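Undergrad: When we follow numbering that gives the first Met the number 0, the leftmost residue of the sequence shown carries the number 0, and every step to the right adds one.
Ideal Cβ positions, reconstructed from N, Cα and C, are used throughout, including at glycine.
Just so we're clear, the structure is a prediction, and the values are computed from it rather than from any experiment.
Dropping a structure here in structure tokens format, bear with me for questions.
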Amino acid sequence: MLKVSLKDVISYSHDQGLPLGASAVLAVAIFFAGSLLIKMRYARLRNIPGPALSKVTDWHLSLHDLSYDRNNAIFDWHRQYGPIICIAPNEVSVATLEATKVIYGTSHRWAKSDYFDLFKGYNMRSVFATKPYEAHRTKRKLISAFYQASNIYTNPNIEAHVQERCRTFLKQIQNGKAVDVYALTDRFGFDIITNLVFGPDHGSTSIEHDCQERDILLELKQLQFFNLLRSRFPILLGFVPALLRQLSSNFGYLSAEDKLAAWCQARISTTIKDSGASKAHGLLQILRESHTTEDGIEKPLDRLYISAEILDNINAAEATTAVTATYLIWRLTQNPLWQGKIRQELAALPKQEDGSISFADVNAGAPSLEACLKEVYRLHPASSGRAERVVPRGGCELSGVYLAPGTVVSTSVVALHRDESIFPDADSFLPQRWLNVDKKTLQIREAQLIPFGYGGRICLGKALATMEIKLLVAALYLKYQTEPSDITSQASMRQCSTHDAVPRGIACLVRCRAITQD
């Protein structure tokens with residue numbers, strides 16, 4: 000930080016031709032103005048514990064953003080300063096379930112912060128990017144029924160397609176050779192959500208085909224790290240990507256979001272032109288049949304809004320599935336004992352004609368898989384951790400601390416998930432903590448497990464992600480055992496505080512060996 004003394008100001012002003020007296024007055028004015036500004040910034044959250052620098056500048060937090068460890072830094076501060084801390088001049092982080100219920104609960108209806116302005120598509124706000132609570136709820140109603148577990152888990156067409164994508168996934172594996180499960184699970188999630196959105200005739204098949212979609216998906220992951228800069232310097236970086244792309248083709252990934260947006264628009268147009276697509280009743284068709292009410296008059300949804308919603312759903316669904324499935328496979332690769340437990344449970348379940356196991360049976364009859372998945376949700380939540388909300392008019396008291404209106408607040412999911420009083424030995428992968436425990440302990444732990452968010456804005460895709468991941472892992476470990484490769488390491492699998500919480504190496508190579516049938 001640049002430090003300028005009163006003497007420096009007086010000397011500089013005098014050198015510029017100002018009388019000494021005027022220079023002194025200017026210096027004093029600048030000094031007091033600067034002091035007042037610092038006091039004003041500090042005073043707002045002066046009663047809240049936290050790093051001293053966080054009270055007067057957000058650069059302290061920016062450095063952790065740029066090193067991709069924001070979430071872990073905030074977690075460390077919570078361990079040092081307590082359950083409610085100041086992380087920037089107008090930002091607070093909390094680490095208690097009680098405060099989380101207030102921030103995200105349906106009764107308080109806090110708006111999202113300006114951080115969500117970054118996620119507009121086609122200059123329109125999808126459900127995810129909508130900040131006011133009521134507007135968000137209105138939009139959410141349009142698509143919530145589509146993603147409810149009662150629809151996802153009982154629709155035979157959805158499960159049939161997921162099972163088919165699982166079989167295609169396994170065909171990409173060569174016995175004894177390493178495979179990048181992060182790339183494969185990313186394509187797996189993308190193919191499933193595009194099928195759900197556009198229908199079977201217009202969904203992607205990126206698992207088995209070398210196509211444009213594969214390139215876009217990889218570039219989106221590379222873009223995650225640059226986008227941390229964009230969230231800090233949105234105006235400056237509005238034009239930088241175009242300049243960098245002109246300088247070198249190596250920066251082509253900076254246009255990944257534009258490429259996905261163009262791909263999405265083209266696929267929407269193709270689907271709409273297909274008269275038979277309406278029979279599939281995908282999400283696109285549901286939105287096209289929906290209406291909004293303005294001044295008592297029903298109107299069809301704006302075409303660009305529909306496009307923004309489709310784009311956001313596709314982007315979010317593939318990212319969440321890929322990160323969670325990848326970390327689950329990686330953790331199981333490091334823990335062959337749990338591979339064996341899961342395989343033993345799956346082997347006891349009834350098989351369908353094609354050799355697969357139904358989701359209903361996997362979901363109900365594989366407790367070790369459920370426990371391992373919960374433990375991965377706990378250790379590797381697939382989100383940025385920036386579910387920011389704004390304290391409404393009148394202010395609010397959280398954990399005995401008053402927060403003024405306009406204060407930006409979020410829950411540290413990492414801190415909740417690694418609370419030693421709830422999860423002993425919290426940094427370790429211990430699926431047994433979810434098995435053979437008393438009912439009360441299990442309820443307490445499940446209440447504090449919030450990888451999909453909390454309250455009225457919980458992630459809509461939870462049921463779909465659960466089906467995808469469980470069926471994929473079941474299919475994989477019935478036929479293969481996975482072993483570590485020399486390429487993937489703890490360092491390359493360090494989860495970063497990007498929007499989609501990607502692994503640092505943007506890859507996860509494991510070796511697959513076919514199970515020998517006795």
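By the DSSP assignment, the alpha helix (DSSP H) with P366 in it spans what residues?
TA: Residues 366–378.
Undergrad: Less than 8 Å separating the beta-carbons of R302 and F197?
TA: Taking 8 Å as the Cβ cut-off, R302 and F197 do not qualify as a contacting pair.
Undergrad: List the residues that DSSP assigns as beta-bridge partners of R510.
TA: Paired residues: A177, E482.
Undergrad: Less than 8 Å between the beta carbons of Y476 and L378, yes or no?
TA: No. Outside cutoff.
Undergrad: Give me the DSSP bridge partner(s) of K298.
TA: T291.
Undergrad: Should E288 be listed as close to the ligand GTP, given that the test is whether its C-beta is under 7 Å from any heavy atom?
TA: With respect to small molecules bound, the structure shown includes none, and the ligand GTP cannot be examined in it.
Undergrad: Please return the same chain residues whose Cβ sits closer than 7 Å to the Cβ of T204, not counting the five positions on each side in sequence.
TA: Here the set comprises D190.
Undergrad: Straight-line CA distance for G394 to N194?
TA: Each residue's Cα considered, the two are about 45 Å apart.
Undergrad: Would a C-beta distance cut-off of 8 Å place Y146 and G454 closer than the cut-off?
TA: Contact: no.
Undergrad: Can you name the residues that DSSP bridges to Q494?
TA: According to DSSP, Q494 bridges with P502.
Undergrad: Name the two residues that bound the continuous beta strand (DSSP E) containing Y401.
TA: Its beta strand (DSSP E) spans residues 400–402.
Undergrad: Starting from I84, trace the alpha helix (DSSP H) both ways and give me its first and last residue.
TA: Premise fails: I84 lies in the beta strand (DSSP E), 83–87, not in any alpha helix (DSSP H).
Undergrad: With distances taken between CB atoms, is the gap from S367 to R385 smaller than 8 Å?
TA: No, Cβ-Cβ distance for S367 and R385 is not below 8 Å.
Undergrad: Would you check if the region 476–485 and the region 320–332 touch, i.e. whether three or more CB-CB distances between them fall below 8 Å?
TA: Yes, they touch.
Undergrad: Return the bridge partner residues of R388 from the DSSP annotation.
TA: According to DSSP, R388 bridges with K111, V408.
Undergrad: Using DSSP bridges, identify the partner residues of D395.
TA: Before going on, a small fix: residue 395 reads as Cys here, not Asp. In the DSSP output, where bridge partners are listed per residue, C395 has L402.
Undergrad: Spatial neighbours of H63 within its chain, please: CB distance less than 6 Å, with the 5 preceding and 5 following residues excluded, ordered by chain position.
TA: R69, A72, listed in sequence order.
Undergrad: The alpha helix (DSSP H) that contains E158, what's its start and end?
TA: That run of the alpha helix (DSSP H) goes 155–170.
Undergrad: Counting along the chain, where does the alpha helix (DSSP H) carrying E344 start and finish?
TA: Note, E344: alpha helix (DSSP H), 335–346.
Undergrad: For a test of the three-state rule: what should DSSP assign to G198, helix, strand or coil?
TA: G198 falls in the coil class under three-state DSSP.
Undergrad: Which residue wins for smallest C-alpha separation from T269, given the options P199, D257, Y67?
TA: The candidate whose alpha carbon is nearest that of T269 is P199.
Undergrad: Note down the Cα distance separating A134 from D113, rounded to an integer number of angstroms.
TA: Taking the straight line from one Cα to the other gives about 15 Å.
Undergrad: How far does the alpha helix (DSSP H) with S230 in it extend, from its first residue to its last?
TA: Segment 211–231, the alpha helix (DSSP H) holding S230.
Undergrad: Can you tell which of P430, Q173, R139 has the C-alpha that lies nearest to the C-alpha of Y376?
TA: Looking at the Cα atoms, P430 is the closest of the given residues.
Undergrad: Which term fits T292, buried or exposed, when burial requires 16 or more other beta carbons within 10 angstroms of its beta carbon?
TA: T292 comes out exposed.
Undergrad: Would you check if the distance between the CB atom of A159 and the CB atom of Y132 is smaller than 8 Å?
TA: Not a contact, by the Cβ cut-off of 8 Å.
Undergrad: By DSSP's criteria, S203 is part of a beta bridge. Which residues make up the other side?
TA: Looking at the DSSP assignment, S203 forms no beta bridge with any residue, so it has no partner.
Undergrad: Based on DSSP bridge pairs, tell me the residues matched to M466.
TA: For M466, which the question treats as bridged, DSSP gives no partner whatsoever.
Undergrad: Hey, quick one: how far does the beta strand (DSSP E) through E90 stretch, first residue to last?
TA: Counting along the chain, the beta strand (DSSP E) containing E90 begins and ends at 90–93.
Undergrad: Return helix, strand or coil for G120, following the three-state DSSP convention.
TA: Strand, per DSSP.
Undergrad: Determine whether the beta carbon atoms of W262 and I215 lie at a separation below 8 Å.
TA: Yes; because the gap between Cβ atoms is below 8 Å, this pair is in contact.
Undergrad: In whole angstroms, give me the CA-to-CA distance for A87 and F74.
TA: Rounded to whole angstroms, A87 to F74 spans 14 Å at the Cα level.
Undergrad: Might you give, ordered along the chain, the residues of its own chain that have their beta carbon closer than 7 Å to the beta carbon of A513, omitting 5 neighbours on each side?
TA: Excluding sequence neighbours, A513 sits near N174, K478, Y479.
Undergrad: Is the separation between the beta-carbon of I486 and that of L508 shorter than 8 Å?
TA: Going by C-beta atoms, I486 is nearer than 8 Å to L508.
Undergrad: Can you grab the Cα-Cα spacing for the pair S140 / K258, in whole Å?
TA: In the sequence on display, residue 140 carries Lys and not Ser. Going from the Cα of K140 to the Cα of K258 covers about 29 Å.
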